[in-house]
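Following UniProt numbering from start to finish, the sequence shown increments by one per residue and tops out at 466.
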Amino acid sequence: MSGSERGEPPRKRSKWETNDGGEDTDVAEWEAEEARARAAARASLLRAKQAAKDAAAKRAREGSASASSVQDYADLPPSKAGSVTELDSEASSRAGQSRNRALPDIPRKTVARSLAPLRSAHPAIGGCRSVHCFERLNQIEEGSYGVVFRAKDKETGEIVALKKLKMDKEKNGFPITSLREIRTLMEARHPNVVEVKEIVVGDTLLQIYIVMEFVEHDLKTLLSTMRTPFLQSEIKTLMLQLLSAVSLLHSNWIVHRDLKTSNLLMNNRGMMKLADFGLARLFGDPLGDMTTLVVTLWYRAPELLLGAKEYDTKIDMWSVGCILGELLLKEPLFTGKNEADQVVKIFKLLGQPTETAWPGYSKLPDARLASSVAQPYSALRSKFKYCSDSCLDLLKKLLAYDPTQRLSADEALNHPWFSESPAPAHPDSFGSFPSVAAGERRRAPSPTAPERVADQKLAYQLELDL
1 MSGSERGEPP RKRSKWETND GGEDTDVAEW EAEEARARAA ARASLLRAKQ
51 AAKDAAAKRA REGSASASSV QDYADLPPSK AGSVTELDSE ASSRAGQSRN
101 RALPDIPRKT VARSLAPLRS AHPAIGGCRS VHCFERLNQI EEGSYGVVFR
151 AKDKETGEIV ALKKLKMDKE KNGFPITSLR EIRTLMEARH PNVVEVKEIV
201 VGDTLLQIYI VMEFVEHDLK TLLSTMRTPF LQSEIKTLML QLLSAVSLLH
251 SNWIVHRDLK TSNLLMNNRG MMKLADFGLA RLFGDPLGDM TTLVVTLWYR
301 APELLLGAKE YDTKIDMWSV GCILGELLLK EPLFTGKNEA DQVVKIFKLL
351 GQPTETAWPG YSKLPDARLA SSVAQPYSAL RSKFKYCSDS CLDLLKKLLA
401 YDPTQRLSAD EALNHPWFSE SPAPAHPDSF GSFPSVAAGE RRRAPSPTAP
451 ERVADQKLAY QLELDL
């Protein structure tokens, strides 16, 4: 029997109730305000944590505290950190006071939200050292994205390469090319990839430097100053090291996009180091559209020259083929003045592509450039007169028009050319060259210096041919 039937006055319905006994929209509003209060409490906690870190860093700079004074979130005292339950209860209390009314005794679904501790999976990064910890010795080179100096660590005496990033024209924060370079160098740890040691800062936020290992030579400068070309045994060693580094990148879904001899460094112990990852980036499956304005023109794959928007690691392998040809000839293989001229030079040496050799090439945006060359066959053999058939086979497969037919780094590493005589030279057997980067000049050879005896006839013939 209802109250009205018993003669009782009608009960005043709470504004929290609806005719069907459910919750009104005010409950949702209260829950939203409670969530906002909880978020405000969380933000306050983060500010307290940051303040503690800043204070500890200041004490460390003044010599009154060590870096261990900075505590992680989980190590903060209960008075600052608190538990998740305390944080939620405090937020609930604030929300209730802000509404200034008692909550009705209505059934409400309680959702336990666990606030994850603010921990990182990686160890905390300490403060960067100042660039003043290094003494600049000389400038090595200047590129589009930075200036590289040879420098000495004042604390250890170690000679390093110091790359100053160009930030003066950057309007959107840290340059994306520099972020890619640092990230790739940190991920691609390999004996044949240049090692990044640390990041240091200058007097302002616009002065950021990458500290890398110093390597005496780059192959481009070395090839232009050498009296004789590399021996085939030495070329094999350099190519094995290059392919090993490229294989690591590709297995980690990284495409370099700027392989060339000036980005290949070599020390006086015959070790090659791959450098300059400013254009490197991760790629996925399926491939997405990427810019075609990558890779220095002389080392750019034909699919890029003809406007392909989708590409993968095979553009790096074309560059590897160009590098192999340059090591054999002691000069760049294709030296176009612009993209159209580069296409012409490629087609004149390798022959004009066909739909059979390169399915789908005629549908590329700039395929019309291919029609300007009437060269039906390859002239590689006449260009490389003194190469073995196996060496020429490797070169052809690296310079295949069809990217799907181009060798991968792993396939190239297993090519028979590396197994035939002469065997790859041991890195220690490489001759020592004066370092242009270190400001050294060529000296007369020592009378007791060992002579490079392998492949002498081949080297002599190549020198005459050049």
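A virtual CB, placed ideally from N, CA and C, is assigned to each residue, including glycine.
Chain-order list of residues whose beta-carbon lies under 6 Å from that of residue i (same chain, five-residue window excluded)
i: Lys-236; result: Phe-418 and Pro-424
i: His-250; result: Thr-313 and Ala-409
i: Asn-267; result: Val-215 and Glu-216
i: Glu-195; result: Glu-213
i: Ser-178; result: Leu-165
i: Gly-202; result: Val-131
i: Glu-141; result: Val-148
i: Met-167; result: Leu-206
i: Glu-181; result: Phe-277 and Gly-278
i: Ala-245; result: His-190, Asn-192, Val-193 and Leu-274
i: Cys-128; result: Ile-199, Val-200 and Val-201
i: Arg-381; result: none
i: Leu-243; result: Ala-409, Ala-412 and Leu-413
i: Gly-146; result: Lys-163, Lys-164, Leu-165 and Lys-166
i: Trp-358; result: Tyr-401 and Asp-402
Residues bridged to residue i [DSSP beta-bridge criterion]
i: Gly-146; result: Leu-165
i: Lys-152; result: Glu-135 and Ile-159
i: Arg-281; result: Val-255
i: Glu-234; result: Looking at the DSSP assignment, Glu-234 forms no beta bridge with any residue, so it has no partner.
i: Val-201; result: Ser-130 and Ile-208
i: Met-266; result: His-217 and Met-272
i: Glu-141; result: Val-148
i: Val-193; result: Leu-274
7 Å CB neighbourhood of residue i in its chain, flanking five on each side removed
i: Leu-327; result: Phe-230, Ile-235 and Leu-238
i: Pro-416; result: Ser-390
i: Gln-375; result: Phe-347, Lys-348, Gly-351 and Gln-352
i: Ala-400; result: Arg-406
i: Gly-307; result: Thr-292, Leu-364, Pro-365 and Asp-366
i: Ser-362; result: Glu-355
i: Ser-247; result: Ala-409, Asp-410 and Leu-413
i: Leu-369; result: Leu-306, Ala-340 and Val-343
Extent of the continuous alpha helix (DSSP H) run through residue i
i: Met-186; result: 176-187
i: Lys-397; result: 389-398
i: Met-271; result: Where Met-271 is concerned, there is no enclosing alpha helix (DSSP H), given that its DSSP letter is neither H nor E.
i: Ala-409; result: 409-413
i: Gly-321; result: 314-329
i: Ser-362; result: Run containing Ser-362: none; DSSP gives neither H nor E here.
i: Arg-381; result: 380-383
i: Pro-302; result: 302-305
i: Val-343; result: 339-350
Own chain partners of residue i with C-beta closer than 8 Å, once the 5 adjacent residues on each side are dropped
i: Arg-136; result: Phe-149, Arg-150, Ala-151 and Leu-162
i: residue 469; result: For the chain, the structure presents residues 1 to 466; residue 469 sits outside this window and is missing.
i: Trp-298; result: Lys-260, Cys-322, Pro-332, Leu-333, Phe-334, Thr-335, Gly-336 and Gln-342
i: Leu-324; result: Ile-235, Met-239, Leu-394, Leu-395 and Leu-398
i: Phe-384; result: Gly-325, Leu-328, Leu-329, Cys-391, Leu-392 and Leu-395
i: Trp-253; result: Leu-282, Phe-283 and Gly-284
i: Pro-175; result: Tyr-145, Leu-165, Lys-166 and Met-167
Three-pair Cβ contact test at 8 Å for the segment 393-404 versus the segment 216-232: no
Given 8 Å, three or more beta-carbon pairs between the segment 298-314 and the segment 214-226: Two segments are said to touch when three or more pairs of C-beta atoms, one from each, lie closer than 8 Å; by this definition the segment 298-314 does not touch the segment 214-226.
Contact the segment 202-212 vs the segment 161-168: 3+ CB pairs below 8 Å: yes
Touch test, the segment 184-194 against the segment 262-277, Cβ-Cβ under 8 Å, three pairs minimum: yes
At least three beta-carbon pairs within less than 8 Å, the segment 308-322 to the segment 243-263: yes
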